[in-house]
Amino acid sequence: MKARGLAALLLCVGLLCVPVSAAPAGATVWGYSEGLAQCELNGKWGYVDGQRNVVIPLQYDSIVSFQLGIAAVNLNGKLGVIRQDGTYLIQPEYDTLLPIDCGLYIAQKGGGWGVVSILPVPNGQGGSDEVLYPLEYDSVQVAEQGGTQVLTMTKNGVSTKIPVFELPGILAERGVDSAQFPLTRGKLPAFSDVSPRDWYALWVDVAYNVGLTSGVGGGRFAPEQTLSVAEVLKLAATMESRYKEDNFHLRPSEGQAWYQPAVEYCLASGIIRQGDFSETDYTRPVTRAEMARIFAATSLARRMPQINSLTRVMESIPDVDKTVPQANAIYSLYAKGIFSGVDGELTFRPADTVSRAEAAAIVSRMARAEQRLTLWS
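All residue numbers for the sequence shown refer to full-length UniProt numbering, where the first residue is 1 and numbers rise by one.
Structure representation (structure tokens):
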């Protein structure tokens, strides 16, 4: 995805364009965060992009700034959580919503308290909803106990205590997507070359937060720097090992290239095969098609559900057909909401290179299911 195409995602729901208009006269625009700013007029709040176009309507009683791609909003006195295209991740029906970690919120409705999630929680009956712990408790709170943050849920005088650090494991046991890549409140980078107004600020924040990317030194992220084959293999190895909950040795043995452990892990995991790349390939820029094939071969991508019609994807991408060796991988990642193309035509540009900013966007969507893109309504 080239920068101009990804910037357009601030105005599009996975290329289903959201109607936008300039902020109305008299509206106040507050500070930017992850590409969007709060906007207020006559007591109603919404969000504008870097050009002061309204991308989420001024309809809320109150809002907060986006952080890690989500924001709490108050609609007619009820609280919910949205992502950057205005889609509700938690419906606006709660009297209280207090963030915990891992995309979880303490929730209160009427006299009942519980815990809700920005990602669907399987309910054990073949369906799912946003409730992790039902709203049947007299109180729910998080407080420090013995140096550890503890979630305490009390009902009829009986308390259930859960250390917050155990919540990712509980989510994984319940079958919640992205449990292996939990969001951590307050863990945000401060790169000198990433502005809160940049289209990629969101993706840099998320990829850094879940531990998939870091800076290049000197307080910089280098968003426009081109990725090599080796760097993509290391990203794939990191996602694979996190998803499968195992490890590979990050440090090379004496005399090995820095990327050799990742190459060996990808070979052992079947992400690449012997002979796919020569020794001289690892340090050259990776193509977008090669990146697609590598990422599509991870266990995370292979087990990811399709959210867009594969048939329609195959019919729609103008510059990818069966003559492209990596076509099936490219189609798959469009169908699973990871790719959206560089323009409104879903153009992919398979031979182009990949920037660090683009890679941050892609691995963020792979790791965090709430950020995957629906291409059509």
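Virtual Cβ for every residue (Gly too), placed ideally from N, Cα, C.
Next item on the list: From the DSSP output, in three-state form, read off Ile162 for me.
Entry: Residue 162 sits at position 162 when you count from the first residue of the sequence shown. Three-state result, Ile162: strand.
Item checked: Extent of the continuous alpha helix (DSSP H) run through Ile294 -> Position 294 of the sequence shown, counting from 1, holds the residue named residue 294. That run of the alpha helix (DSSP H) goes 288–296.
Check: Relative to the C-alpha of Phe348, which residue among Ser377, Arg365, Met314, Gln371 is closest?
Finding: The sequence position of residue 348 within the sequence shown is 348, counting from 1. Answer by Cα proximity: Met314.
Note to self: Between the segment 92–105 and the segment 165–175, can you find at least three pairs of beta-carbon atoms closer than 8 Å?
What the structure shows: yes
Checklist line | With 16 other Cβ atoms within 10 Å as the buried cut-off, status of Thr28 | finding: For the purposes of this step, residue 28 is identified with residue 28 of the sequence shown, where counting begins at 1. Counting Cβ neighbours within 10 Å, Thr28 comes out exposed, since fewer than 16 surround it.
Note to self: Using 8 Å as the threshold, is the C-beta distance between Arg365 and Gly337 below it?
What the structure shows: Numbered from 1 along the sequence shown, position 365 holds the residue referred to as residue 365. Numbered from 1 along the sequence shown, position 337 holds the residue referred to as residue 337. Yes, Cβ-Cβ distance for Arg365 and Gly337 is below 8 Å.
Next item on the list: Can you give me the start and stop residues for the beta strand (DSSP E) that Lys44 sits inside?
Entry: Walking along the sequence shown from the start, residue 44 turns up at place 44. First-last of the beta strand (DSSP E) with Lys44: 44–48.
Notebook entry, point to check: Ordered along the chain, which non-local residues of its own chain (more than five positions away) have a Cβ less than 6 Å from that of Thr152?
Noted result: Counted from its first residue, the sequence shown places residue 152 at position 152. Correct list, in chain order: Gln141, Ser159, Lys161.
Note to self: Based on DSSP bridge pairs, tell me the residues matched to Asn53.
What the structure shows: By one-based count along the sequence shown, residue 53 stands at place 53. Its beta-bridge partners are Ala22.
Next item on the list: Could you tell me the boundaries of the beta strand (DSSP E) in which Lys155 lies?
Entry: Within the sequence shown, residue 155 is the residue found at index 155, counting from 1. Counting along the chain, the beta strand (DSSP E) containing Lys155 begins and ends at 148–155.
Item checked: Whole-Å CB distance - Gly341 paired with Ile317, under 8 Å assumed -> The residue you call residue 341 lines up with position 341 of the sequence shown. The residue you call residue 317 lines up with position 317 of the sequence shown. So it is a contact: roughly 7 Å between Cβ atoms.
Checklist line | Close-in-space but distant-in-sequence residues of the same chain around Ser65 (CB under 6 Å, 5 per side omitted) | finding: Counted from its first residue, the sequence shown places residue 65 at position 65. Ser33.
Check: Is Gln108 helix, strand or coil when you go by DSSP?
Finding: For the purposes of this step, residue 108 is taken as the residue at position 108 of the sequence shown. It is a strand residue.
Checklist line | Sheet register partners of Ala257 (DSSP bridge) | finding: Taking the first residue of the sequence shown as 1, we reach residue 257 at position 257. Paired residues: none, contrary to the question.
Next item on the list: Quick one: give me the first and last residue of the beta strand (DSSP E) that Val73 is part of.
Entry: Start at 1 with the first residue of the sequence shown, and residue 73 comes out as number 73. Per DSSP, Val73 belongs to the beta strand (DSSP E) from 70–75.
Check: Using the C-alpha atoms, what's the distance from Ala296 back to His249?
Finding: As a working note, residue 249 is residue 249 in the sequence shown. As a working note, residue 296 is residue 296 in the sequence shown. Distance between the alpha carbons of His249 and Ala296: 22 Å.
Margin query: Taking only three categories from DSSP, how would you classify Ile100?
Written below: By 1-based counting over the sequence shown, the position of residue 100 is 100. Ile100 falls in the coil class under three-state DSSP.
Next item on the list: Run the CB neighbour count on Asn156, radius 10 Å, all protein chains shown included, and call it buried at 16 or more, exposed below.
Entry: As a position in the sequence shown, residue 156 is number 156, starting the count at 1. Exposed.
Check: What first and last residue would you give for the alpha helix (DSSP H) that runs through Glu40?
Finding: Translated into the one-based positions of the sequence shown, residue 40 becomes position 40. Looking at the DSSP string, Glu40 is not in any alpha helix (DSSP H); the run it does join, the beta strand (DSSP E), is 36–41.
Note to self: Between which two residues does the alpha helix (DSSP H) holding Tyr334 run?
What the structure shows: For this step, residue 334 is matched to residue 334 along the sequence shown. Unbroken alpha helix (DSSP H) run through Tyr334: 327–335.
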